[in-house]
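Colleague: Going line by line, the protein sequences match chains A and B. For what it's worth, the working numbering labels the leading residue of the first sequence as 1143, then goes sequentially. For what it's worth, the working numbering labels the leading residue of the second sequence as 1463, then goes sequentially. Structure in structure tokens, see below.
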Amino acid sequence: MSPRPGFVLEVDRSTPPTLYWHGERFRMERLPEGSRVIYAPEPLDPLTDPSAAIRHALRHPLGDKDPLPALLHPGMKLTIAFDDISLPLPPMERPDIRQLVIEQVLDMAAEAGVDDVELIVALALHRRMTEPELRHALGDRIYDAFAPNGLLTQHDAEDPDALVHLGLTDQGEDVEINKRAAESDLLVYVNINLVAMDGGHKSVATGLASYKSLRHHHNPQTMQQSRSFMDQHKSELHSANWRMGKLIADSGVNVFQIETNLNNDAFPPAFNFLQKREWEWGVKDRLAYLGASKALDRTPAKYARQIFHSVKAPHRMTSVQAGEVEAVHAVTTDNVWKQQGVVVEGQTDILSMGLPYISPYNVNSILNPILVACLGLGYFFNMYRGKPLVREGGVVIMSHPTPWEFNPVHHPSYIDFFEQVLSETTDPIEIAKGFEESFATDPWYIHLYRTGHAYHGVHPFYMWYWCAHALQHLGAVIIVGGDPAAVHRLGFRVASTMADALEMANDIVGTSPTLTHIHTPPIFMSDVQ
Amino acid sequence: MTPRHGSSRSLLKTRAVRADAALGTNGHRRVAALKRYSPTGIASRAGRRRFPLAAPSWPENVPRPAPDHDLGVDYDTTWSRKYPVRLARAMVLDNVTRPLARVIASPLIRGDEYLTDVGAPVIFAANHTSHIDTPLLMSCLPLRFRHRTVVAAAADYFFDRRWKAGFFAFSLAAIPIERNKVNRRSAQLATDLVADGWNLIIFPEGGRSPDGWGQTFRGGAAYLSVKTNRPVVPVHLEGTGNVLPKGSKGIRRTRTTVTFGAPLWPEEGEDARRFGLRIESAVATLADETITDWWTARKRAVMGTTPPLQGPDVARWRRSWALPETTPTHSGSDGIEWPRRSD
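Quick look at the structure:
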């Protein structure tokens, strides 16, 4: 049976309670009659022979690009850059898609007699990956061949010797990227596309860029002008990256882009209930839910987090395309929509969402309050095309425990941002003006970013800027079950139950509001008509 | 308990107040209505539901998946009309179903005199609010109709499992009807059975009312009548929603009224769509008669002011709020039971 498309349910009296993520736990909520629940399309069928598909893509590139074997020759300098730990979510079961693609690229490079090959993790300002994470992404064969020889490196956006300034765009934006990548005869970028924002020129222009370059589009103004940043036709973030990408190409950087699409099969069979529509739950699903939820309710959050972060997704590749950046990305974006697009009629007064334990920036870590805000208002809110799911002045209700808890290794600057900056103001523009530079240039944060596994000092600002469009658009944000102190620090309201949250929302949107719930996992994009 | 007769004014008043509340003209009522709608109230009902311990209920507006090949509309019910099965069903119907229906639903039968002169087969077209509608109506049919009647039942609901198909085919002489799309097989089966002399009970709304109000009638009953040139007897069932409303798991004892209307024949040149509207209008008049009286209902029918079965076109909670009282009593002011009960 072919996978079913997304579905918008109108809740009636026979509708069973709806499952909500709640961090490392679950909640069941009975929504008011007439509410809408949006379910994602079912996972698309994967490629039957991914290796053959990758080979075919490399040999039959899209756009104005020669086949990869024709671009490889002895004596050349080849750099392979690839997406970091932030993709996919949750991390996929072995073999990771990056391993599958890069092994094929290396096979072709070996056949062509290319000796000078280097692999770079396109970190941007993210934390460095650990050895186990790299082994998982690349496989032991690649890791053991390159890492011990110093040929597997992680992009360092603060190493002046490893960066090169390529010039300014016509809008005066600095383009400064990884020197090795820029000076290679061929830069192969291996991308995983999980959301429509990923890939395209953003891969190199962001993933291999410096703070000096990133600040031009990672700012509140860009985010407020992107409606949304998941819709490339209305995304200022996209436009900025495209300007930079063109400058990179004009500078002579030869990019061979490889983009892959995954299906949205995000959890292993034990968690099948997460992705099923509640009324279709069978006995197994109900038992699995009851077992998991009761066990998690009795498990300390720390251990529940460890359990969830050990879960690997059974994502499978649905397509792979390679060649010229823009031609490749056009196909990739279409494929993202095929997997994730759901047509939704009209906006809603209240948008509710259950937030999971994971976001792109806390793999193997804690979803701290800033990341909670970013996941809900930055990501889920922006997963639309056309217009936001929630009307202007509407309310977003998120379900998450939002603990006042941070990982000091991964998120040291987040702690200070939360304590020092959000206690002063939550306005993204004021924050950018008053605090960004001091965090971005703080030597201690830079040291931790370069030598440890810390996100860059400016990263929590970017997470907050990610929320800028939603903060400007919404009348209120309510977090159900959140830690009151942490939620208030974010400038949001806290409710102990969904019923309370709806009562609070009534004060803002009126007494007969419409409610729409986005049922995740898996993620999806709403095409709001 | 609200008096059944001689109290139509008070009933109308109650209804008007509720309608006001629904329209927001009565502040006090409006607050009450909002409380009924409030998520707290809805959440508190969750305690009664046992999902995920129990199997989930199926949302009303989500079509059920296609059943197995020889289930659904493909299920063969021929066996259920064979003589030994009919005999067994008649025994169950007369000795189990009817006494149970009388105990649980205490049916007051009105208008059965219309059936005196009409010859079989006929098509009974009734409104539908509860699973009890079918056995109740079956048990209220006069004897000459009762044991030669089949029931049009939703193929996707009553025939999606083998045990369900067998149970309903036996106990109610149910035949599978495709209600979500036109299906030649199910339409032909019903036509053949009527042509073969079987009476047919059909619920033109296509399913039970989700909120107590009626739904727009579909064209099945009219189509069959036009095709077989047999009359349609409009039937209104009042109070069954209180016995076993949709979504409820328990049965409550209450009184019900089964009102038969005059048989309707398709007029010369009248197509099924227009005839269907006439059937719906006739059932709406019977509904009006149940909450007012025969004369008022007749006058309103002639003037075209009969309240529609579907209720007001407003938000769900307001529709719910505007529902009329549905607990009829069967005795007049002097305590003498009238009209007569079913024998």
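All C-beta atoms in this analysis are idealised placements derived from N, C-alpha and C, irrespective of residue type, glycine included. Bear in mind that the values here come from a model prediction, so they are computed numbers and not experimental data.
What number of angstroms, rounded off, separates the C-alpha of T1160 of chain A from the C-alpha of G1624 of chain A?
Modeller: 19 Å
Colleague: Against chain B, with Cβ distances strictly below 8 Å, would Y1431 of chain A count as a contact?
Modeller: By this cut-off, Y1431 of chain A is an interface position.
Colleague: Between the alpha carbons of I1244 of chain A and V1453 of chain A, how many angstroms are there, rounded?
Modeller: Whole-angstrom Cα-Cα distance: 24 Å.
Colleague: Go ahead and label E1175 of chain A buried or exposed: buried means 16 or more other beta carbons lie within 10 angstroms of its beta carbon, across all protein chains shown.
Modeller: buried
Colleague: Cβ closer than 7 Å: which chain B residues qualify as neighbours of T1364 of chain A?
Modeller: Simply none; closest approach about 37 Å.
Colleague: Chain A partners of N1523 of chain B, CB-CB under 7 Å?
Modeller: E1152 and D1154
Colleague: Buried or exposed: where does A1563 of chain B fall if 16 or more other Cβ atoms within 10 Å of its Cβ makes it buried?
Modeller: buried
Colleague: On a Cα-Cα basis, can you pick out the residue from A:S1368, A:L1379, A:H1451 and A:A1455 that is closest to P1411 of chain A?
Modeller: A:A1455
Colleague: Is it true that the CB of V1486 of chain A sits closer than 8 Å to the CB of S1668 of chain A?
Modeller: yes
Colleague: Just the Cα atoms here: how many angstroms apart are P1511 of chain A and L1350 of chain A?
Modeller: 27 Å
Colleague: For I1594 of chain B, does the three-state DSSP call read helix, strand or coil?
Modeller: coil
Colleague: Taking Cβ-Cβ distances shorter than 7 Å, what residues in chain A pair up with F1513 of chain B?
Modeller: P1158 and P1159
Colleague: Just how far apart, CA to CA, sit L1332 of chain A and D1340 of chain A?
Modeller: Correcting the residue type first, residue 1332 of chain A is Val in the shown sequence and not Leu. Those two C-alpha atoms are separated by around 12 Å.
Colleague: For A1627 of chain B, count neighbouring Cβ atoms within 10 angstroms of its own Cβ and tell me buried if that reaches 16, exposed if not.
Modeller: buried
Colleague: Using a C-beta to C-beta distance shorter than 8 Å, which residues of chain A count as neighbours of W1520 of chain B?
Modeller: S1156 and W1421
Colleague: Secondary structure at H1467 of chain B, three-state DSSP: helix, strand or coil?
Modeller: For H1467 of chain B, the predicted structure reports a pLDDT of 41, less than 50, and the residue's modelled location is therefore unreliable. A value from the coordinates is still provided. The answer is coil: DSSP assigns H1467 of chain B none of H, G, I, E or B.
Colleague: Between the segment 1550-1559 of chain A and the segment 1568-1585 of chain A, do three or more beta carbon pairs fall short of 8 Å?
Modeller: The segment 1550-1559 of chain A is in contact with the segment 1568-1585 of chain A.
Colleague: Whole angstroms are fine: how far does the CA of R1440 of chain A sit from the CA of G1509 of chain B?
Modeller: Annotation note: pLDDT 42 at G1509 of chain B (below 50); position unreliable, no value reported.
Colleague: So, is the C-beta of R1428 of chain A closer than 8 Å to a C-beta in chain B?
Modeller: Proximity of R1428 of chain A to chain B, defined by a Cβ-Cβ separation below 8 Å, is satisfied.
Colleague: Evaluate contact between the segment 1533-1551 of chain A and the segment 1620-1634 of chain A, counting only Cβ atoms and requiring at least three cross-stretch pairs below 8 Å.
Modeller: yes
Colleague: Does any C-beta atom of chain A lie closer than 8 Å to the C-beta of P1774 of chain B?
Modeller: no
Colleague: For L1231 of chain A and V1478 of chain A, I'd like the C-alpha separation in whole angstroms.
Modeller: For L1231 of chain A and V1478 of chain A, the distance between alpha carbons rounds to 15 Å.
Colleague: Can you have a look at V1558 of chain B and say buried or exposed, based on whether 16 or more other CB atoms are within 10 angstroms of its CB?
Modeller: exposed
Colleague: For M1459 of chain A, report the span of its beta strand (DSSP E) as first-last.
Modeller: M1459 to G1465
Colleague: Thinking just about the alpha-carbon of each residue, which of A:A1647, A:K1480 and A:E1534 is nearest to the one in N1403 of chain A?
Modeller: A:K1480
Colleague: What does a CB cutoff of less than 6 Å around L1204 of chain A pick up in its chain, not counting 5 residues either side in sequence?
Modeller: Q1463, G1465, A1469 and V1470
Colleague: Suppose you measure from the CA of L1496 of chain B to the CA of N1648 of chain A; what does that come to, to the nearest Å?
Modeller: Below a pLDDT of 50, predicted positions are generally treated as unreliable, and L1496 of chain B, at 34, falls in that range; the measurement from the model is reported next regardless. Whole-angstrom Cα-Cα distance: 11 Å.
Colleague: Just checking: is the beta-carbon of H1297 of chain A within a distance shorter than 8 Å of some beta-carbon in chain E?
Modeller: In the displayed structure, chain E is absent; the protein chains listed are A and B.
Colleague: Applying the 10 Å Cβ sphere with the 16-neighbour rule, what's the burial state of Q1489 of chain A?
Modeller: Sixteen is the threshold: when 16 or more other Cβ atoms of the shown chains lie within 10 Å of the Cβ of Q1489 of chain A, as they do, the residue is buried.
Colleague: Using a Cβ-Cβ cutoff of less than 6 Å, which residues in the same chain neighbour Q1115 of chain A once the five nearest sequence positions on both sides are dropped?
Modeller: As displayed, chain A neither begins before 1143 nor continues past 1671, which places residue 1115 of chain A out of reach and without an answer.
Colleague: Express the C-alpha separation of V1619 of chain A and F1634 of chain A in angstroms, rounding to a whole number.
Modeller: If you draw a straight line from the Cα of F1634 of chain A to the Cα of V1619 of chain A, it comes to about 5 Å.
Colleague: Mind listing which residues of the segment 1660-1673 of chain B have their C-beta closer than 9 Å to chain A's C-betas, in chain order?
Modeller: P1672 and D1673
Colleague: Tell me whether the beta-carbon of L1220 of chain A lies closer than 8 Å to the beta-carbon of P1209 of chain A.
Modeller: no
Colleague: Rounded to a whole number of angstroms, what is the C-alpha to C-alpha distance between Y1162 of chain A and L1173 of chain A?
Modeller: 11 Å
Colleague: Please identify the residue among A:D1249, A:P1211, A:K1575 and A:M1495 whose C-alpha is closest to the C-alpha of A1287 of chain A.
Modeller: A:D1249
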